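**Q**
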Amino acid sequence: MKAIKLSGIVHILLEVHRSKIHSLLKQAQQIGLMTAYHHYFITSLDLHTVDLEDFKYSGTNTTALRLINLSDGTLQQILRDWSADLDDSGNIFGGEIVAGYSFADVPNIFEVPA
16 MKAIKLSGIV
26 HILLEVHRSK
36 IHSLLKQAQQ
46 IGLMTAYHHY
56 FITSLDLHTV
66 DLEDFKYSGT
76 NTTALRLINL
86 SDGTLQQILR
96 DWSADLDDSG
106 NIFGGEIVAG
116 YSFADVPNIF
126 EVPA
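Under our numbering, think of the first position of the sequence shown as 16, with each following residue one higher.
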């Protein structure tokens with residue numbers, strides 16, 4: 016991190032596991048790499064699950080991508096249907112079709128182990 020600061024680089028691409036994002040940004044903040052002059056692009060698709068409250072007023076431009084719109088009514092209904100159709104072990108009843116939705120019609124949502 017110190018080498019990045021000394022180099023003067025202000026556009027930073029972070030490709031780290033979701034579990035390490037907060038601590039890495041905290042370290043960057045502690046050494047002065049979280050200012051209005053710094054721009055971060057974080058590749059994790061799970062950034063929305065990370066608590067970024069500590070960096071709220073840093074002025075840093077932080078960008079990430081989300082492949083689904085969590086406020087979309089159709090997606091919310093599908094997630095409610097899936098939750099209702101889970102058995103005690105977390106498996107979805109009925110195999111490939113849940114409440115009339117095919118897995119081919121909606122994004123598959125799961126986390127791949129690192």
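Beta carbons are placed, not taken as given, at the ideal position from N, Cα and C, and that holds for glycine.
Source: prediction; values computed, not measured.
With a threshold of 7 angstroms, establish whether the CB of residue 34 neighbours any heavy atom of the ligand SAM.
**A** You won't find the ligand SAM in this model; it holds no ligand whatsoever.
**Q** Buried or exposed: which applies to residue 75, given that a residue is buried once 16 or more other Cβ atoms fall within 10 Å of its Cβ?
**A** With 16 or more other Cβ atoms within 10 Å, it is buried.
**Q** Using a threshold of 8 angstroms, state whether the C-beta atoms of residue 50 and residue 73 are closer than that.
**A** Result yes, Cβ atoms of residue 50 and residue 73 sit closer than 8 angstroms.
**Q** How about residue 54 and residue 27: do their beta carbons lie closer than 8 angstroms?
**A** Yes; because the gap between Cβ atoms is below 8 angstroms, this pair is in contact.
**Q** Are the Cβ atoms of residue 70 and residue 40 separated by less than 8 angstroms?
**A** Yes, they are a contact pair.
**Q** With a threshold of 16 other CB atoms inside 10 Å of the CB of residue 48, please say whether the residue is buried or exposed.
**A** Residue 48 comes out buried.
**Q** Going by DSSP, what residue range makes up the alpha helix (DSSP H) through residue 148?
**A** Residue 148 is absent from the structure shown; the chain starts at 16 and stops at 129.
**Q** What residue range is occupied by the uninterrupted alpha helix (DSSP H) comprising residue 37?
**A** Residues 33-45.
**Q** To the nearest angstrom, how far is the alpha carbon of residue 36 from that of residue 44?
**A** Going by the C-alpha atoms only, they are around 12 angstroms apart.
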